[in-house]
Amino acid sequence: MQAALAAQGRGLVVVDTAEVDDDLVRDMTEILTSMCARLYGKRAAENRARRALAAAAATEDAEAA
0 MQAALAAQGR
10 GLVVVDTAEV
20 DDDLVRDMTE
30 ILTSMCARLY
40 GKRAAENRAR
50 RALAAAAATE
60 DAEAA
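Below is the structure:
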């Protein structure tokens, strides 16, 4: 980015570096949260489905007996 601006005789001045750091931290937190939710949400859905199938099988066994 800076090389492209320098080639045109322009520059980039960051006035408030703390805000940039806060934005980066917030973005990383959001990315991590999204990835964890996707991973653990999928695992939870698989576990719920497995428990539902086990409960249905147990109900069928109880009715057959």
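Residue numbers for the sequence shown follow numbering that gives the first Met the number 0, beginning at 0 and rising by one.
Just so it is clear, CB atoms sit at the ideal spot from N, CA and C, and this is done for glycine as well.
Since we're looking at a predicted model, the values are computed, not measured.
- Apart from sequence neighbours up to five positions away, the residues of its chain that approach Leu-11 with a beta-carbon distance below 8 Å are Met-0, Gln-1 and Leu-4, ordered along the chain.
- In this model, Val-13 and Gly-40 are separated by some 39 Å (Cα to Cα).
- Annotation: Thr-28 to Met-34 spans about 10 Å, alpha carbon to alpha carbon.
- Excluding five sequence positions before and after Thr-58, none of the CB atoms of its chain fall closer than 7 Å to its own CB.
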